[in-house]
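Everything below concerns the one structure shown next.
Number of protein chains: 2
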Amino acid sequence: MKVSAREEYGLRCLLQLAVLGEGEFLTLAQVAEREGLSQANAGKVMWLLNKAGLVSSIRGMKGGYHLARPASEIRLSEIIKVLDEDAVEGHCKSYAGVLDACVHTSDCGIRSVIVNVHEVVERALSSITLAQLIGTEQKVDNMLHQIQGLRPRAETVGERA
Amino acid sequence: MKVSAREEYGLRCLLQLAVLGEGEFLTLAQVAEREGLSQANAGKVMWLLNKAGLVSSIRGMKGGYHLARPASEIRLSEIIKVLDEDAVEGHCKSYAGVLDACVHTSDCGIRSVIVNVHEVVERALSSITLAQLIGTEQKVDNMLHQIQGLRPRAETVGERA
DNA sequence: GCTAATCTTGACAAAAAAGTCAGGTATGTC
DNA sequence: GACATACCTGACTTTTTTGTCAAGATTAGC
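Protein sequence lines, in the order shown, are assigned to chains A and B. Here the working numbering is used: the first residue of the first sequence is 114, the next is one more, and so on. Here the working numbering is used: the first residue of the second sequence is 114, the next is one more, and so on.
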């Protein structure tokens with residue numbers, strides 16, 4: 114269970130755009146430079162984000178990128194969804210072993226777990242907006258700890274099957 | 114954010130062992146067959162699980178694998194941790210772009226998110242035992258919906274514990 | 001002890017993900 | 001309208017992950 118390069122870079126590039134003021138732009142070269150990425154690589158990520166409608170691009174001289182919507186209206190769940198393609202849907206199709214289809218296609222307890230875990234993540238990420246990631250790590254971390262969905266509940270775990 | 118092949122196969126192989134009665138074994142060939150995996154591939158996964166102390170193996174004729182502990186005492190978080198290596202720790206090291214180290218090593222709001230999301234997942238998985246995955250998908254799914262850590266809270270903003 | 005069944009393990013091969021390159025297209029400036 | 005800037009996009013290369021192979025090691029049964 115790990116975050117892919119695409120997801121990581123995508124988030125970071127978006128965050129660069131998020132700190133811009135109204136009407137400001139960043140060129141691809143600037144985004145790449147600020148994130149320590151090659152221009153080619155950053156370009157690919159930005160293309161994905163553009164295609165998904167998260168950023169808008171302006172071509173030609175004086176061109177560049179900016180967020181398509183205010184950072185406060187972009188939830189991380191949406192970003193990850195774009196950069197992740199179909200992590201959940203493709204799952205059972207990918208891991209079929211030597212067979213054409215997974216042995217457990219009809220009935221699979223693990224699928225439940227996968228789906229539920231993805232829902233947990235989705236819920237957590239949907240409670241955070243891009244705007245909330247602006248600031249120091251300490252500040253962001255404090256903010257995250259105050260979000261309901263990210264905190265543990267009182268420890269009433271159901272130990273019955 | 115996706116579940117790797119190792120994680121998926123590992124979980125499935127463990128679940129095969131979990132349904133066995135006391136003192137029963139499965140050979141590698143049996144595990145592989147039941148999961149639709151090649152013996153070589155299943156062998157590698159079982160080797161990992163063995164090395165991590167989740168299963169015990171018996172070599173030689175009449176050998177095989179069984180869980181090292183009762184399924185009710187093995188939490189999914191532990192399994193994933195074994196099969197995942199260091200997803201969190203290695204994160205910032207992996208995605209440095211063209212540079213030697215990530216641009217944001219000293220202060221990074223995204224790192225907070227990554228860490229927190231992993232904690233959310235860890236918490237969710239630690240509330241599920243291998244034993245709870247035995248049964249039909251429907252039953253497992255119902256069970257998961259009753260676990261506190263996996264459900265959304267009531268939308269009571271401001272309530273502090 | 002010999003044999004057959006079984007796990008162990010390191011080297012290799014294939015596939016997927018990540019990253020680069022180069023040529024194409026659009027647009028502002030002069 | 002020529003040129004410079006900058007985004008777009010498909011082909012290619014490298015790296016990582018996944019999967020296979022084959023030889024070695026261990027034990028039960030005879």
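Backbone N, C-alpha and C fix where the C-beta goes; we use that ideal spot for every residue, glycine too.
Secondary structure note for L263 of chain A: it is in no alpha helix (DSSP H), with a DSSP letter that is neither H nor E.
In the structure shown, G156 of chain B adopts helical secondary structure according to DSSP, grouped into three states. In the assembly as shown, L196 of chain A is a buried residue. Its beta-carbon has 16 or more other beta-carbons within 10 Å.
A Cβ of chain A is located within less than 8 Å of the beta carbon of I227 of chain B.
Of the candidates B:S225, B:L212, B:L238 and B:S207, the residue whose Cα lies closest to the Cα of L124 of chain B is B:L238. DSSP places V144 of chain A in the helix class (H, G or I) of the three-state scheme.
DSSP places H179 of chain A in no alpha helix (DSSP H) but in the uninterrupted beta strand (DSSP E) bounded by G177 to L180. Exposed is the label assigned to T218 of chain B, since fewer than 16 other Cβ atoms lie within 10 Å of its Cβ. According to the DSSP secondary-structure assignment, S170 of chain B is paired through a beta bridge with B:Y178. For G176 of chain A, same chain residues with a beta-carbon under 8 Å away, outside a window of 5 residues either side, are F138, T140 and S170 in chain order.
With a threshold of 8 Å between beta carbons, K157 of chain B makes no contact with chain A. The stretch 197-212 of chain B makes no contact with the stretch 225-232 of chain A; the number of CB pairs closer than 8 Å stays below 3.
Neighbours of H179 of chain B in chain A, taken as residues whose beta carbon is under 9 Å from its own, are absent, since the nearest beta carbon is some 19 Å off.
Around R125 of chain A, the beta-carbon contacts reaching into chain B at under 7 Å are I223. The beta-bridge partner set that DSSP reports for T242 of chain B consists of B:R188. The bridge partners DSSP lists for L139 of chain A are A:Y178. Listed by position along chain B, the residues whose Cβ is nearer than 7 Å to that of V168 of chain A form an empty set, because the closest Cβ is around 17 Å away. Look at the beta carbons and you see the stretch 240-252 of chain B not touching the stretch 181-188 of chain A: under three pairs across the two are nearer than 8 Å.
With contacts defined by Cβ atoms closer than 8 Å, C126 of chain A and A155 of chain A form a contacting pair. Scanning chain B for C-beta atoms nearer than 7 Å to the C-beta of V234 of chain A yields M114, V230, V233 and V234, reported in chain order. Contact with chain A is absent for G134 of chain B, since none of that chain's Cβ atoms lies less than 8 Å from the residue's Cβ. Counting only Cβ-Cβ distances below 8 Å, E148 of chain A has contacts in chain B at G210 and V216, in chain order. Close partners of V253 of chain A in chain B (Cβ separation under 8 Å): G222, S225 and V226. As a beta-bridge residue in DSSP terms, K115 of chain A pairs with B:K115. In this structure A118 of chain A does not touch K115 of chain B by the C-beta definition: roughly 13 Å separates them, more than the 8 Å allowed.
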